[in-house]
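Structure follows, in structure tokens:
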């Protein structure tokens, strides 16, 4: 029985470490995806404000030309 314990315990430790690394990299990747989504959201907001500013400029130029 002693020989069996020497075989099983390292295997359990190895599997536990694999799970820890799996979850670590999974959450690391998920955090990376979340940052990418946040960056894209910020870019869309900036583009929208730039488009609105251009539209207001064009409207004000139209009013001045009248």
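Numbering (my numbering), first residue to last: 1 to 66. A virtual CB, placed ideally from N, CA and C, is assigned to each residue, including glycine. Since this is a predicted model, take the numbers as computed values, not measurements.
Here the alpha carbon of residue 47 sits roughly 10 Å from the alpha carbon of residue 41. Taking C-alpha positions only, residue 45 is separated from residue 13 by approximately 48 Å.
Straight-line measurement puts the Cα of residue 20 at about 15 Å from the Cα of residue 10.
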